[in-house]
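Each residue of the sequence shown is one higher than the last, beginning at 261 in this note's numbering.
Ideal Cβ placement from N, Cα and C applies to all residues, glycine included.
As the structure is a prediction and not an experimental result, all values here were calculated from the model.
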Amino acid sequence: MKILKSVYTIILLVCCNLSYAQYTDVINSNRPGKSQSAFSVGTKVLQFEAGPSFIREERTPAPRNETSGFSVDFAVRYGFFLEQLEFITEGSYRSDTRTTFTGFTTEEKRSNFSALAFGAKYLVFDPYKKAADEKPNLRSWKANHSFRWKSLIPAVSVYLGANFDTSDNPFTDAGIEGISPRVAIATQHNFNGGWVFVTNIITDRIGTDQSGFSYILTLTHSFNPQWVIFGETQGVKSDFYADNLIRFGGAYLWGKNLQLDTALTFNTKDTPSVLNITLGASYRLDFHKDKLKKEADIDNGQSVENTKKRKDREDNPKRKKRKNKNDDTDEEDAKPKKQQRESEDFDN
Numbered sequence: 261m262k263i264l265k266s267v268y269t270i271i272l273l274v275c276c277n278l279s280y281a282q283y284t285d286v287i288n289s290n291r292p293g294k295s296q297s298a299f300s301v302g303t304k305v306l307q308f309e310a311g312p313s314f315i316r317e318e319r320t321p322a323p324r325n326e327t328s329g330f331s332v333d334f335a336v337r338y339g340f341f342l343e344q345l346e347f348i349t350e351g352s353y354r355s356d357t358r359t360t361f362t363g364f365t366t367e368e369k370r371s372n373f374s375a376l377a378f379g380a381k382y383l384v385f386d387p388y389k390k391a392a393d394e395k396p397n398l399r400s401w402k403a404n405h406s407f408r409w410k411s412l413i414p415a416v417s418v419y420l421g422a423n424f425d426t427s428d429n430p431f432t433d434a435g436i437e438g439i440s441p442r443v444a445i446a447t448q449h450n451f452n453g454g455w456v457f458v459t460n461i462i463t464d465r466i467g468t469d470q471s472g473f474s475y476i477l478t479l480t481h482s483f484n485p486q487w488v489i490f491g492e493t494q495g496v497k498s499d500f501y502a503d504n505l506i507r508f509g510g511a512y513l514w515g516k517n518l519q520l521d522t523a524l525t526f527n528t529k530d531t532p533s534v535l536n537i538t539l540g541a542s543y544r545l546d547f548h549k550d551k552l553k554k555e556a557d558i559d560n561g562q563s564v565e566n567t568k569k570r571k572d573r574e575d576n577p578k579r580k581k582r583k584n585k586n587d588d589t590d591e592e593d594a595k596p597k598k599q600q601r602e603s604e605d606f607d608n
C-alpha cells in the first residue's frame, strides 16, 4: 500500500507541475467563464473558443421592457515567439428583440458586435516555475497536499489591446466609433487539490464616453482530469451600463484537444434582470515543440547518425578485406620485427 501511495503521489504532483507551465499536454481554455487566465496557450498553439448564449432580460421599472435573443462569444488565441506571450482576438456578436410596454407595445430588432477586440497578453511573473523543479516528499502524502503559504503569491500577466466599435451600434453608447484602448491585469493562484483562483481587472474603451471599469473573480475546481466546475462574479461600472453578474458552470474534457462547457448567468437587480444559458466548446491545433524535447531529439538524431556512420565503416568491403587478411596471417608473421630477429638469432 505504501508503494502504491507513493506512486500515486508522484503522478499527481507531476500532473500539477504540468498545469503550472505555459504549455499543457491537454487544452487549457478560458471558457466557460469570462475571465482570462494568467498563462498563455504555448508557442505554436492555435486555439478556438466559442459558444452561443440564450438571452432573457426583463426590466420591471418603467419603461418596462423584455429582451430575448442570443449571442455568440468567441476567441482565437495563438502563442507566438515566446512561451509567455499570446495574441488574442475576442468578441461577442449579439442578436435580439426588445419589446417595450408603454401606452402601446413596440418591438426593436437589434444585431451587431457588442464587443470586438484584439490584443496581446504577456506573463510578467511566474511563481510556479521553480515549483516545477521541486521533488515530491515520498514519505508524506500530507506534506504534498497541505496548504502552502507561497501559493498565495499569484502568477501575473498584463494585457494590452484595442476595441473596434462601429457607428450606430445599439449595444454601445451613441457616438462610440473607431478604436479605443483596452488594458487588463490577470492574476492566478494554483492551490493544492485542484483549486484555481483567477482575478481580472479591466479598463475598457479608454478615452471614450463609455470608458468603464470591470472586475472578474473566478474560482475553479477539478474533480478529476475530465470534469471541472466553476463559480464566477463579474462587476461592470460605466456611465452607460452597470451590473453585477453571477455565473456558474462546468466543463468536460473530451480528448486532449477538445473541451465542452456550459454555464448559467444571472444577476440580482431588475434594471434589467438577466438570465443567460451558455453552451460552448474549445478546440486547439497543437504544433507546440517543447524546447527540452527538441534538444533531446537533436541529440538522438546525432546519436543515430553517428551509429549509422560507424555501421557503414564496419560494412565497408575494403575494411573487411584488410581484417580477413590479418586473420590469415601466421602467428610468427604477426610478431613485431624486433621479436622475429631475436627469435632467429636464438635459433641459430
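In summary, E368 is exposed, with fewer than 16 beta-carbon neighbours lying within 10 Å of its beta-carbon over all protein chains present.
DSSP links I476 through a beta bridge to N460, Q494.
Put simply, the backbone Cα of D425 is about 13 angstroms away from that of S471. Shown here, L412 sits in a helix according to DSSP, grouped into three states.
Cβ-Cβ separation between S352 and V332: approximately 7 angstroms, consistent with a contact (criterion under 8 angstroms). When the Cα atoms are used, F334 and F361 turn out to be separated by approximately 33 angstroms.
With a contact defined as Cβ atoms closer than 8 angstroms, K516 and K304 miss out at about 16 angstroms. Judged by DSSP in its simplified three-state form, K389 adopts helix. One thing to note: N423 has its Cβ no nearer than 8 angstroms to the Cβ of A380. Going by DSSP, R337 is part of the beta strand (DSSP E) stretching over 324-339.
For F451, the enclosing beta strand (DSSP E) has its first and last residue at 438-451.
Scanning G509, K410, I476 for the CA closest to the CA of D503 turns up I476. In terms of Cα proximity to Y512, the closest of T528, S482, G495, E492 is S482. Setting aside the 5 residues that flank it on each side, E309 is surrounded in the same chain by S289, R291, A335, S542, each with a C-beta closer than 6 angstroms to its C-beta; the list follows chain order. Around F373, the same chain offers G351, Y353 as residues with beta carbons nearer than 6 angstroms, after the five sequence neighbours per side are excluded.
Ranked by how close their Cα comes to the Cα of T493, the residues R507, W487, P485, I462 have R507 in first place.
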